[in-house]
Structures are given as C-alpha cells and as structure tokens.
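**Q** Got a structure for you, written out below as structure tokens; questions coming shortly.
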Amino acid sequence: MIQEHEPETVRETACGTAPETAPETTPETVLEAPPGEPGERPDDETETEPEATRRDSGATESSRANRGWWDRNADDYQIEHGTFLGDDRFVWCPEGLDEVEAGLLGPQESLRGLDILEIGAGAAQCSRWLAAQGARPVALDLSHRQLQHALRIGEGRSLSFPLVEADAGTLPFRDGSFDLACSAYGAIPFVADPVGVFREVRRVLRPGGRWVFSVTHPVRWAFPDEPGPEGLSVAASYFDRTPYVEQDEEGRAVYVEHHRTVGDRVRDVVAAGFRLIDLVEPEWPAWNTQEWGGWSPLRGNLIPGTAIFVCVRD
4 MIQEHEPETV RETACGTAPE TAPETTPETV LEAPPGEPGE RPDDETETEP EATRRDSGAT
64 ESSRANRGWW DRNADDYQIE HGTFLGDDRF VWCPEGLDEV EAGLLGPQES LRGLDILEIG
124 AGAAQCSRWL AAQGARPVAL DLSHRQLQHA LRIGEGRSLS FPLVEADAGT LPFRDGSFDL
184 ACSAYGAIPF VADPVGVFRE VRRVLRPGGR WVFSVTHPVR WAFPDEPGPE GLSVAASYFD
244 RTPYVEQDEE GRAVYVEHHR TVGDRVRDVV AAGFRLIDLV EPEWPAWNTQ EWGGWSPLRG
304 NLIPGTAIFV CVRD
C-alpha cells in the first residue's frame, strides 16, 4: 500500500518565482542551481547490467527503485527524447499526440487561471506549456534529477511555476487545491497501488475537476518490448499481473513497472471515486518516423501503444 510508505522530505523548487496563488505545499523550500548540460558523468562511474525478472514488488521497494532509476537515467532520457518532447510542448505519448490537437484537458482557452497539478512531470515540459496558456501549474516528480532538468530548461524564462519533489502516493497539498490534474506517462505505470494514488488525486481536486493520465497500453504487456517484427509476437500472458522488475546482483530492485489490464484500470478509476468519460487510444500518425523504445511506426500501425484515461471528480 502506498500509505505504508515511509515519510519523505518534500523539497519544493521554483522555476523562476512561484505565483502567490500557487497551492500550499508541505515545507521545506530548497532553491538549487540548475545542473550543467545532460550527459556529464564521473569518469570512474561504472554500471552493471541489471537482471530482468518478474516478481512481486511492493510500494516502498517500487518507489525507492524508480526514484533511483530516474535519478540515474534522467540525463540520458533528456538527451534521447528532449528534442521530441520540446521545452514547452504538451506531448501525451510516444505516438506524438499533442494537447493542442487532443484537447483532453478541455478547450485551450478554458485553461487560463486554473490551478493544475502535473504528476510525474519530469523536466516539466507539459507544465511549461500549461503556464503559457495562462494556467497556474505545479510540476511534481519523484526524481530530483529530473526536476533539476526542469530548472535548467526554465532558467531565464519569464513563465514561472513551482517544482515539487514528492511521491504521488502522498501528495503534499491541501484538499481541493487544484482544478485539474494530469500525467503524461508519469508515475502511474510505476506504482504498486494505483487506487491509492488516484484517491490522493481526487482529494486534492476540487469538485468537477478533471484527471487525465496516459499509460502504456495494457495490451503491450503481452508483447516483447521491441520496435521491430520480433515485437509483434505474443510472448507473455496479458492477464499476468506480476510486476516487471530489474534487479542488481544482490536482488535489490533498481526499476519496477506494474501491469494492469484495461478492466483493472477502469475499476481502479471508479474505486477511487472518479467517473470515466473517455478512453483514448492514439493511432500512430504518418509524420512520426521515430522509434521510442518498443514504440515504432511498425508496431504503432498494428497494435495500440498508449491508453489515455479521461476522468472527472463528481
């Protein structure tokens, strides 16, 4: 259970100066200088290839493993995908679906003046786009290094919003702090207790607030994570919910991903007190020739790669 997670220090950083109307967070406030360009590593740093397996992994282990993984891999992630994501675009998925096109948060002009929480914000590209629409975003992520990249990208820009380092299962905000919440592949695929996270999201949303999140399409769990023809043959049971775990030589998890079927996701949303109003399965567009891990034009034209759930707090 997420609630069993040990209390963590919440660090809030500011991308510029935080708006006075930003929702109150648990103190303490730490202002840090942006890092250098991604890719700088100590000369003596070596990595051992982890072992991939399927086994149980609880909330505490999953959170600890994924925090470490994203801190270690944030630089490479921004180097590899930063151009595709842009500095201030709202991209929902590797298919390239953009919020400007999708409008899943509502009409673009309706975002002005809204308090919006982005969960699993990474380098806060989506929050930066929201701020440009006149919204008041708060970008939350588990990874300190990812938020450092948010500072780096935001340095010298006129738009400002808070950056908060915290676990999605224990959101450090008062009840009813936000009008909207969103997550583009952030947090949800990596948590052991999604219902606990969804209940936290519901708690911090105001009545009528929308919660929109994208995840790996559950169907992909049955296929190898390969972009080529080898990724088109079923290799595992879609109904096997045993987490995918990468572990070190001592058996300690260094990366964890949790699988839920489509039905599981729907039931999780409802159990947390939301009403599901749409389920979007983006098609692969002709313009997108980029491979992203197991996502590719070949696979994307045959099987869905992303599921986006649009929910409302009644």
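Count along the sequence shown from 1, then add 3; that gives the number in the working numbering.
A virtual CB, placed ideally from N, CA and C, is assigned to each residue, including glycine.
Of the choices PRO110, HIS220, GLU252, ASP118, whose alpha-carbon is the least far from that of ARG177?
**A** Taking the first residue of the sequence shown as 1, we reach residue 177 at position 174. Across the set PRO110, HIS220, GLU252, ASP118, the C-alpha of ASP118 shows the shortest separation from the C-alpha of ARG177.
**Q** Please report the residue range of the beta strand (DSSP E) in which VAL360 lies.
**A** With the chain covering only 4 through 317, there is no way to say anything about residue 360.
**Q** So for ASN304, helix, strand or coil by DSSP?
**A** Against the sequence shown, residue 304 aligns to sequence position 301. In the structure shown, ASN304 sits in coil (DSSP, three-state: anything other than H, G, I, E or B).
**Q** Check SER186 in the structure and name its three-state DSSP category.
**A** Mapped onto the sequence shown, residue 186 falls at position 183. Strand.
**Q** Can you list, in chain order, the residues of its chain whose CB lies under 8 Å from that of ALA310, leaving out five sequence neighbours each side?
**A** The count along the sequence shown starts at 1 and reaches residue 310 at position 307. Only SER217, VAL218, THR219, HIS220, PRO221, VAL265, ARG268, LEU282, VAL283, GLU284 meet the Cβ criterion.
**Q** Could you name each continuous alpha helix (DSSP H) segment of 4 residues or more that falls completely within the stretch 82-160, going from the start of the chain to the end?
**A** If we require 4 residues or more, the alpha helix (DSSP H) runs fully inside the stretch 82-160 come out as 102-105, 128-135, 147-157.
**Q** Taking only three categories from DSSP, how would you classify ARG213?
**A** Here residue 213 refers to the residue found at position 210 of the sequence shown. Note: ARG213 maps to strand in three-state DSSP.
**Q** What span of residues does the alpha helix (DSSP H) with ALA274 cover, start to end?
**A** Locating residue 274 in the sequence shown gives position 271, where the first residue counts as 1. Residues 265-274.
**Q** Which term fits GLN81, buried or exposed, when burial requires 16 or more other beta carbons within 10 angstroms of its beta carbon?
**A** The residue labelled residue 81 in the question sits at position 78 within the sequence shown. Of the residues assessed, GLN81 falls on the buried side of the cut-off, its CB having 16 or more other CB atoms within 10 angstroms.
**Q** According to DSSP, what are the bridge partners of ASP281?
**A** Working through the sequence shown from its first residue, we reach residue 281 at position 278. Answer by DSSP bridge pairing, in chain order: VAL313.
**Q** Give me the residue from ASP228, ALA275, GLU252 with the minimum Cα distance to ILE306.
**A** Taking the first residue of the sequence shown as position 1, residue 306 is located at position 303. Check the Cα spacing between ILE306 and each of ASP228, ALA275, GLU252: the tightest is with ASP228.
**Q** Taking three-plus beta-carbon pairs below 8 Å as touching, is the stretch 254-265 in contact with the stretch 48-63?
**A** yes
**Q** Where does GLU54 fall in DSSP's three states?
**A** Position 51 of the sequence shown holds residue 54. Residue state, collapsed to three classes: strand.
**Q** Express the C-alpha separation of ALA126 and ILE191 in angstroms, rounding to a whole number.
**A** In the sequence shown, the residue the question calls residue 191 occupies position 188. In the sequence shown, the residue the question calls residue 126 occupies position 123. Rounded to whole angstroms, ILE191 to ALA126 spans 17 Å at the Cα level.
**Q** Which stretch, first to last residue, makes up the alpha helix (DSSP H) that contains VAL237?
**A** Counted from its first residue, the sequence shown places residue 237 at position 234. VAL237 -> no alpha helix (DSSP H), and no H or E assigned at all.
**Q** Assign GLY181 to one of three DSSP states: helix, strand, or coil.
**A** To locate residue 181, count along the sequence shown from 1; it is residue 178. The amino acid at residue 181 is misidentified as Gly; the sequence shows Phe. Strand at PHE181.
**Q** Could you compute how far the alpha carbon of ALA274 sits from the alpha carbon of GLU102?
**A** Residue mapping note: residue 274 aligns to position 271 of the sequence shown, counting from 1. Residue mapping note: residue 102 aligns to position 99 of the sequence shown, counting from 1. Approximately 27 Å between the Cα atoms of the pair.
**Q** When we look at the beta-carbon of ALA153 and count the other beta-carbons within 10 Å, is it buried (16 or more) or exposed?
**A** As a working note, residue 153 is residue 150 in the sequence shown. Buried is the call here.
**Q** Could you work out which residue in TRP224, LEU108, GLY85 is closest to ASP243 when comparing CA atoms only?
**A** For this step, residue 243 is matched to residue 240 along the sequence shown. Cα-wise, what sits closest to ASP243 is TRP224.
**Q** For VAL94 and ARG209, what's the separation of their Cα atoms in angstroms?
**A** For the purposes of this step, residue 94 is taken as residue 91 along the sequence shown, with counting starting at 1. For the purposes of this step, residue 209 is taken as residue 206 along the sequence shown, with counting starting at 1. Rounded to whole angstroms, VAL94 to ARG209 spans 25 Å at the Cα level.
**Q** Could you check whether PRO230 and GLY297 sit closer than 7 Å to each other, using their CB atoms as the reference points?
**A** Taking the first residue of the sequence shown as 1, we reach residue 297 at position 294. Taking the first residue of the sequence shown as 1, we reach residue 230 at position 227. Yes, they are a contact pair.
**Q** Take ILE156 and list the residues in its own chain whose beta-carbon comes closer than 7 Å to its own, dropping the five residues that flank it on each side.
**A** For the purposes of this step, residue 156 is taken as the residue at position 153 of the sequence shown. Result list for ILE156: ASP90, ALA126, in chain order.
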